[in-house]
Amino acid sequence: MSSTATPEASGHSHDDGHGHDGHAHGHAEQNFFLKYFWSTDHKIIGFQYLFTGMFMALIGGFAVYAFRMQIAFPGMSVPGYGRVTATDYNALVTTHGSVMIFWVAMPVLIAALGNYLIPLMIGADDMVFPRLNRLSYQLFLLSIVVLIASFFVQGGAFGGAWTSYPPLSAKPEYNLTPLGAPMWLVAVALEFAAFLLGGINFVTTLMNSRAPGMKMFDVPIVIWMIVIASILFMASVGPLVAGAIMLLFDQTVGTGFFDPKKGGDPVLWQHLFWFFGHPEVYVVLLPAMGIVAEVITTFSRKKLFAYKTVIYTAVGTGALSFFVWAHHQFIAGIDPRMANIFSVTTLLISIPVAEMVFVYIATLFGGSIRLTTPMLWALAFIGEFLLGGVTGIFLGSSGADIYFHDTYFVIAHFHYTFFPIAFIAVFAAVTYWFPKMFGKYMNEAWGKVHFWGTIIPFNFIFIPLFLLGARGDHRRIYDYTHFPDLMKPGMQDLRVLATLSLVVLLAFQVVFLVNYFYSAFKGPKAEANPWKANTLEWQAPSPPPHGNFPEGLPTVYRGPYEYSHPDRQDDHWPQNSPS
Amino acid sequence: MDATLDPARSPAPTPRTRRQVVPSAVLGTLFFVVAEVMLFSGMISAFTISKAGALPGMWPMPGQPRLPAEATALNTVLLLLSGVVLFVSQRLFQKKSPVAHWVTLAAWALGASFVALQGVEWTALLASGLTLTSSPLGSFFYLIVGGHALHAVGALLALGWAWLQMARGKLSPGFFFGTQTFWYFVVLMWPVIYARVYF
Amino acid sequence: MLTLACAVCGGGPDPARGSYIVMSIIISLLPLAMLGGILAWVIISARAAEAAPQKTDDGGLPS
Amino acid sequence: MISKYVDSVATFSGDIDHLIWVITAIVGFWFLLAEAVFFYLIIRYAARDGVRAQYVAGEDPKEKRWVAVPHYLTLAFDVWIIFSAISVWQEVKQTMPQADETVRVIAQQWAWTFIHPGADGQLDTADDIRLVDELHVEKGKTIHFELQSRDVLHSFSVPVFRLKQDVIPGRTIRGWFKTTQAGAYDIQCTEICGIGHAIMPARIIIESPEDHAAWLLSQTPATAALTTPTTQTGGMP
Chain C
-4 MSSTATPEAS GHSHDDGHGH DGHAHGHAEQ NFFLKYFWST DHKIIGFQYL
46 FTGMFMALIG GFAVYAFRMQ IAFPGMSVPG YGRVTATDYN ALVTTHGSVM
96 IFWVAMPVLI AALGNYLIPL MIGADDMVFP RLNRLSYQLF LLSIVVLIAS
146 FFVQGGAFGG AWTSYPPLSA KPEYNLTPLG APMWLVAVAL EFAAFLLGGI
196 NFVTTLMNSR APGMKMFDVP IVIWMIVIAS ILFMASVGPL VAGAIMLLFD
246 QTVGTGFFDP KKGGDPVLWQ HLFWFFGHPE VYVVLLPAMG IVAEVITTFS
296 RKKLFAYKTV IYTAVGTGAL SFFVWAHHQF IAGIDPRMAN IFSVTTLLIS
346 IPVAEMVFVY IATLFGGSIR LTTPMLWALA FIGEFLLGGV TGIFLGSSGA
396 DIYFHDTYFV IAHFHYTFFP IAFIAVFAAV TYWFPKMFGK YMNEAWGKVH
446 FWGTIIPFNF IFIPLFLLGA RGDHRRIYDY THFPDLMKPG MQDLRVLATL
496 SLVVLLAFQV VFLVNYFYSA FKGPKAEANP WKANTLEWQA PSPPPHGNFP
546 EGLPTVYRGP YEYSHPDRQD DHWPQNSPS
Chain Z
4 MDATLDPARS PAPTPRTRRQ VVPSAVLGTL FFVVAEVMLF SGMISAFTIS
54 KAGALPGMWP MPGQPRLPAE ATALNTVLLL LSGVVLFVSQ RLFQKKSPVA
104 HWVTLAAWAL GASFVALQGV EWTALLASGL TLTSSPLGSF FYLIVGGHAL
154 HAVGALLALG WAWLQMARGK LSPGFFFGTQ TFWYFVVLMW PVIYARVYF
Chain H
69 MLTLACAVCG GGPDPARGSY IVMSIIISLL PLAMLGGILA WVIISARAAE
119 AAPQKTDDGG LPS
Chain Y
1068 MISKYVDSVA TFSGDIDHLI WVITAIVGFW FLLAEAVFFY LIIRYAARDG
1118 VRAQYVAGED PKEKRWVAVP HYLTLAFDVW IIFSAISVWQ EVKQTMPQAD
1168 ETVRVIAQQW AWTFIHPGAD GQLDTADDIR LVDELHVEKG KTIHFELQSR
1218 DVLHSFSVPV FRLKQDVIPG RTIRGWFKTT QAGAYDIQCT EICGIGHAIM
1268 PARIIIESPE DHAAWLLSQT PATAALTTPT TQTGGMP
């Protein structure tokens, strides 16, 4: 493993990787490259993941813009892209899907927030394995290089959808991307290796680096969630990596693991893929749920309702998520009897998730709710995610899935879960922790403009897609004019409505980017604890220096959500306050 | 804690050892091992299902050699022995015994001879016509056993480094325990692979 | 054809179906078993560490 | 609900519609209730000067009821949905009523070939009728289909039947449907199958017995003239 794995080295580690620079003033002398690119500081690595994730979101957003325009106005030259051919369309759909899940949701929710928040919120000075952490980001960056390079190779980017089902993905004569397909696979595998290293770090740090006095049940929910998600990721990714290696051999060496003509089985890939693919949904959902817990308790000045229940439901969700994967394959040709079993487990998993949402709603009861920008995002998460959750029931019910499978109903369903996860919750996090990250405030008014400019178009994108899905629109079609039944009156209008709403939504993201970067440099200065929150990161200076807690690591006396305690005058009670 | 301190002026916190319930290196390696076990269980389950789905008389394919299960039994014993020897060396290391590094070297040598014998076996199999693309059995054999061999080589490199540092008296316990945990994974994974793939 | 292409559909011949079901169960339970094992080990170690006098815990930190 | 927009022309499509209606009613009720409570709480407990938030830990069973009761209700409604869903699933996918006719459906990049049994009602005989992208069936007959693929995964989807089934190379997947109404409708490929995925539409033509007999007659002499559709990629068996 790593040679940094000693207790001594895992303490306050300032070294730049060569071990000769171990003192507090040392990092001031580091040049820009060493400080921002070669750093082992968890905050810098968190920022690296955050900004890389933002950059990848731009790529994913551009891809969806191009292909939605093609759907709405088939054959038209898309401004800023040009004509979208069928090959382009498939590549764009694949890029959008894989980038948004693997290179936006995962790095931002798990890696960026995990890296930034875990040491701060558990009162540690850094991760346990700082150099492993840096290696994780470098691998991640390498995966992006491979992915982006695959856009420019001969044959173009892979176009077999983010699920990459063989035989389409296995043979160049089927997918027509002899280099794009293996490069996509290599990029995904590298990215998994990066998050594996990151996840190991998170779990070990939480276990071994908590501030003195901090018991496991004093740990804030968001940290619990990120760590449970990391464990879930580590435990489920193995079979997919095995499948990826087998598929890579099929693509490059000519083995026949998934080729029926050579004794393989194409459905085998689907099992290996979805064994990871479904837990993956919870891998990104849980951190988002954690963010919401932090934000709504702070801005409603309430103790979290039933703290332990939230943790148990998260663990239960994680455990159950290993038993539901085949609901993606109801009509994929598996034994019909299997569908009955997986239908039951799928609906059962709705119970812990629903309970988590109930807990959050119950937390609002009796609160003193201030609708700041982060709070608006957190509340919007609950409101929107509810619709995403309940529409999942249609798809988990085997009988209804026969009709809805692979239609736009599915797309609308998972965007009602993934958009709140990867964007709404992330915006809540980014605006909530902004004063901590940069020591500045973001502009509230522009923040709210961005909020409404995102939430309203979001609903106008995906409610039409629910309707289209219910009317039989199926996925990954670049031009519906070939299907007479899908060109009935009104259907194209809904597609155009969804596309135009998307353009509005994308346009409003400019507001966010300008507000974010302007405020980071020129915003009004923020104090250390502007929201009067309890958790430990707010007790450090803003922005926290290298080592996080210049006065020494805090000692923890109580749980993270003691707001409005009746024995206290103040309505907050920091975790490290002795009395 | 009021935090209006100038971060640049503030002293760094005193370096401290944290209270580790279990050693960080071991815990981190264990989680890595969980992912690795899942990787192998993915491969082995794919293999098992494909094998069970083979048409009668098609596994192994006619004309393809059988796997040398008997010769590999010796290998298996060597590998298991190396795990035991490494366990002994850890005990000696904790007691600061001067012979600890020799015992570690013995464990390393046993592991290395396992890899070497595997290499000999592969050469024979390749010569007799079992290749990666010759049949499903060949594909899975080189995938699973090759995957294990790569892990064994990686673990041997780490173990060799640990031996070198131990001989110099500079070995950090964390590195040793992490490497050891990983080597136990390599050792214990093998009988499962042997039982599933060779028979 | 070398193998049945429906080895993993559960609808194949008995050996294929049996091994598919067994492997599905194993691969679903294995991560839970391993993580449960690690968790149990950590909890037992923590109990043991609490019972023993804490030598590694530094109490001399300013709070 | 769905039949307002998409015709329902198979015996089981009404059952699937009914299932979807049941689920919509259940989850719709819960969704609206949850949203109503949610918005009520946001408005009711908006920050007011001098009003302090309450301190509720939510660990007391009396408080926990607010979460526990909805959670048991969720379970109860889940069971209801599961039973409805599985009964529909069993009807569509797990039972095979006696066939009046069997057709073979061969998918490839990017066309459908439908092999009708012809006048003798048997596949693999000289009078089989082989058509590209067009499937003719007689109204009211129970039809079995055999799905085969020549290259990659495809999915045989007929929205008016609410029916969908993936097609897997190397295997023959069987299923059934029984039509209730004449007309011409889309057959779609709903599993991404390469760059021509969008140009893989076919039509199912459901005919009255007289029309079907006339069509059969018109096709019989032409059987020999039709050949396999042209190969579009190099990956053919």
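Chains as they are written, first to last, in the working numbering: chain C, -4 to 574; chain Z, 4 to 202; chain H, 69 to 131; chain Y, 1068 to 1304.
The beta carbon of each residue, even a glycine, is placed where N, CA and C say it ideally should be.
Keep in mind the model is a prediction, meaning the values are calculated, not measured.
Reference HIS172 (chain Z), options Z:SER142, Z:LYS98, Z:HIS104, Z:SER138, closest by Cα
On the second sequence, position 169 is the one that residue 172 (chain Z) refers to. At residue 172 (chain Z) the sequence reads Gly, which differs from the His that was named. Residue Z:HIS104 is the option with its Cα nearest to GLY172 (chain Z).
Please report the residue range of the beta strand (DSSP E) in which VAL1170 (chain Y) lies.
Translated into positions along the fourth sequence, residue 1170 (chain Y) becomes position 103. DSSP places VAL1170 (chain Y) in the uninterrupted beta strand (DSSP E) bounded by 1168 to 1175.
For my contact list, TYR427 (chain C) and GLU289 (chain C) are in at a C-beta cut-off of 8 angstroms; report their separation, rounded to the angstrom.
Indexing the first sequence from 1 puts residue 427 (chain C) at position 432. Indexing the first sequence from 1 puts residue 289 (chain C) at position 294. Contact holds; Cβ gap of about 7 angstroms.
Suppose only complete runs of 4+ residues qualify. What are the alpha helix (DSSP H) ranges in the region 63 to 101 of chain C, listed by chain order?
Within the region 63 to 101 of chain C, the complete alpha helix (DSSP H) segments of 4 residues or longer fall at 81 to 93, listed in chain order.
VAL1199 (chain Y): first and last residue of the uninterrupted beta strand (DSSP E) it sits in:
For the purposes of this step, residue 1199 (chain Y) is taken as the residue at position 132 of the fourth sequence. Where VAL1199 (chain Y) is concerned, the enclosing beta strand (DSSP E) starts and stops at 1196 to 1199.
By Cβ distance, which residues of its chain are closer than 7 angstroms to PRO430 (chain C), with the 5 residues on each side in sequence left out?
For this step, residue 430 (chain C) is matched to residue 435 along the first sequence. For PRO430 (chain C), same chain residues with a beta-carbon under 7 angstroms away, outside a window of 5 residues either side, are TYR436, ALA521, PRO525, SER537 in chain order.
How many angstroms separate the CA atom of ILE1210 (chain Y) from the CA atom of PHE50 (chain C)?
Here residue 1210 (chain Y) refers to the residue found at position 143 of the fourth sequence. Here residue 50 (chain C) refers to the residue found at position 55 of the first sequence. So the two alpha carbons sit approximately 53 angstroms from each other.
By the DSSP assignment, the beta strand (DSSP E) with THR1209 (chain Y) in it spans what residues?
By 1-based counting over the fourth sequence, the position of residue 1209 (chain Y) is 142. 1209 to 1216 is the extent of the beta strand (DSSP E) around THR1209 (chain Y).
Selection of the region 183 to 207 of chain C by Cβ proximity to chain H, strictly under 7 angstroms
Within the region 183 to 207 of chain C, those residues whose Cβ lies closer than 7 angstroms to any Cβ of chain H are, in chain order, MET202, PRO207.
Give a yes or no on whether the minimum CB-CB distance between GLY150 (chain Z) and chain H is below 8 angstroms.
Position 147 of the second sequence, counting from 1, holds the residue named residue 150 (chain Z). For GLY150 (chain Z), no Cβ of chain H is located within less than 8 angstroms of the residue's own Cβ.
Report yes or no: do the region 544 to 551 of chain C and the region 450 to 464 of chain C share at least 3 C-beta pairs separated by less than 8 angstroms?
With the cut-off at 8 angstroms, the region 544 to 551 of chain C and the region 450 to 464 of chain C do not touch.
Which full runs of the alpha helix (DSSP H) of 4+ residues lie inside the region 1114 to 1191 of chain Y, going along the chain?
Runs of the alpha helix (DSSP H) inside the region 1114 to 1191 of chain Y: 1128 to 1156.
Which one or two residues does DSSP pair with THR1246 (chain Y) in a beta bridge?
Within the fourth sequence, residue 1246 (chain Y) is the residue found at index 179, counting from 1. As DSSP reads the structure, THR1246 (chain Y) sits in a beta bridge with Y:ALA1077.
To test your reading of the DSSP string, which unbroken alpha helix (DSSP H) runs of 4 or more residues are found completely within the region 283 to 324 of chain C?
Correct list: 302 to 315.
Rounding to the nearest angstrom, what Cα-Cα distance links HIS1138 (chain Y) and ASP401 (chain C) in this structure?
Numbered from 1 along the fourth sequence, position 71 holds the residue referred to as residue 1138 (chain Y). Numbered from 1 along the first sequence, position 406 holds the residue referred to as residue 401 (chain C). Their Cα atoms are separated by approximately 30 angstroms.
Alpha carbons only, please: which of Z:PHE179, Z:MET41, Z:GLY66, Z:TRP186 is nearest the one belonging to ALA115 (chain Z)?
Numbered from 1 along the second sequence, position 112 holds the residue referred to as residue 115 (chain Z). The option with the nearest alpha carbon to ALA115 (chain Z) is Z:TRP186.
Along chain H, in chain order, which residues have C-beta atoms closer than 8 angstroms to that of SER27 (chain Z)?
Here residue 27 (chain Z) refers to the residue found at position 24 when the second sequence is read from its first residue. Within chain H, no C-beta atom comes nearer than 8 angstroms to that of SER27 (chain Z); the closest sits roughly 12 angstroms away.
Rounded to whole angstroms, how far is the Cβ of PRO139 (chain Z) from the Cβ of GLY249 (chain C), which I believe are closer than 8 angstroms?
Reading the second sequence from its first residue, position 136 is the one you call residue 139 (chain Z). Reading the first sequence from its first residue, position 254 is the one you call residue 249 (chain C). Actually they do not touch by this definition, with Cβ atoms about 13 angstroms apart.
Three-state class that DSSP yields for THR107 (chain Z) in the structure shown
Here residue 107 (chain Z) is taken as the residue at index 104 of the second sequence, counted from 1. Looking at THR107 (chain Z) - three-state DSSP - the assignment turns out to be helix.
Does DSSP classify PRO573 (chain C) as helix, strand or coil?
Numbered from its first residue, the first sequence carries residue 573 (chain C) at position 578. In the structure shown, PRO573 (chain C) sits in coil (DSSP, three-state: anything other than H, G, I, E or B).
Excluding the five sequence neighbours on either side, which residues of its own chain have a C-beta within less than 6 angstroms of the C-beta of TRP372 (chain C), listed in chain order?
Position 377 of the first sequence, counting from 1, holds the residue named residue 372 (chain C). In its chain, beyond the 5 residues on either side, ILE419, PHE422, ALA423 have a beta carbon closer than 6 angstroms to the beta carbon of TRP372 (chain C).
What span of residues does the alpha helix (DSSP H) with ALA1269 (chain Y) cover, start to end?
Residue 1269 (chain Y) sits at position 202 when you count from the first residue of the fourth sequence. Note, ALA1269 (chain Y): premise wrong, no alpha helix (DSSP H); beta strand (DSSP E) at 1269 to 1274.
Reduced DSSP secondary structure (H/G/I, E/B, other) of TYR1252 (chain Y)
Taking the fourth sequence and counting its residues from 1, one reaches residue 1252 (chain Y) at position 185. TYR1252 (chain Y) falls in the strand class under three-state DSSP.
Taking 8 angstroms as the CB-CB limit, is LEU98 (chain H) close to chain Z?
Position 30 of the third sequence holds residue 98 (chain H). Cβ-Cβ to chain Z under 8 angstroms: yes for LEU98 (chain H).
With a threshold of 8 angstroms on Cβ separation, who are the neighbours of SER142 (chain Z) within its own chain once the five nearest residues in sequence on each side are excluded?
Taking the second sequence and counting its residues from 1, one reaches residue 142 (chain Z) at position 139. Closer than 8 angstroms at Cβ, skipping near neighbours: LEU135, THR136.
Using alpha carbons as the reference points, say which of Z:THR79, Z:GLN23, Z:PHE178 lies closest to HIS151 (chain Z).
By 1-based counting over the second sequence, the position of residue 151 (chain Z) is 148. HIS151 (chain Z) has its Cα closest to that of Z:THR79, out of Z:THR79, Z:GLN23, Z:PHE178.
Cβ of THR107 (chain Z) less than 8 angstroms from any chain H Cβ?
Residue numbering aside, residue 107 (chain Z) sits at position 104 when the second sequence is read from its first letter. Not one chain H Cβ lies under 8 angstroms of THR107 (chain Z).
Could you check which residue in C:ALA230, C:ASP120, C:ALA375, C:ARG78 has the C-alpha nearest to that of GLY448 (chain C)?
Here residue 448 (chain C) refers to the residue found at position 453 of the first sequence. When each option's Cα is compared against that of GLY448 (chain C), the closest is C:ALA375.
Tell me the DSSP secondary structure of PHE253 (chain C) in three-state form.
Numbered from 1 along the first sequence, position 258 holds the residue referred to as residue 253 (chain C). Three-state result, PHE253 (chain C): coil.
Does ILE1235 (chain Y) come within less than 8 angstroms of chain C when only Cβ atoms are used?
Here the question's residue 1235 (chain Y) lines up with position 168 in the fourth sequence. Cβ-Cβ to chain C under 8 angstroms: yes for ILE1235 (chain Y).
Can you find the residues in the same chain that come closer than 7 angstroms, C-beta to C-beta, to ILE344 (chain C), ignoring five residues on each side of it along the sequence?
As a first step, residue 344 (chain C) is located in the first sequence; it is residue number 349 there, counting from the start. For ILE344 (chain C), where only same-chain residues beyond five positions count, the Cβ hits under 7 angstroms are THR312, LEU315, SER316, VAL319.
Taking the straight line between their C-alpha atoms, what separation do you get for SER1075 (chain Y) and LEU1142 (chain Y)?
The sequence position of residue 1075 (chain Y) within the fourth sequence is 8, counting from 1. The sequence position of residue 1142 (chain Y) within the fourth sequence is 75, counting from 1. It is roughly 31 angstroms from the alpha-carbon of SER1075 (chain Y) to the alpha-carbon of LEU1142 (chain Y).
According to DSSP, is ALA57 (chain Z) helix, strand or coil?
For this step, residue 57 (chain Z) is matched to residue 54 along the second sequence. ALA57 (chain Z) sits in a strand when the DSSP states are folded into three classes.
Between the C-alpha atoms of GLN149 (chain C) and GLY155 (chain C), what's the straight-line distance to the nearest angstrom?
Working through the first sequence from its first residue, we reach residue 149 (chain C) at position 154. Working through the first sequence from its first residue, we reach residue 155 (chain C) at position 160. The alpha-carbon of GLN149 (chain C) is positioned some 16 angstroms away from that of GLY155 (chain C).
Any beta carbon from chain C within less than 8 angstroms of SER1075 (chain Y)'s own beta carbon?
Indexing the fourth sequence from 1 puts residue 1075 (chain Y) at position 8. SER1075 (chain Y) does not count as touching chain C.
In the structure shown, what three-state DSSP assignment does ILE456 (chain C) receive?
Start at 1 with the first residue of the first sequence, and residue 456 (chain C) comes out as number 461. ILE456 (chain C) carries a helical assignment under DSSP once its states are collapsed to helix, strand and coil.
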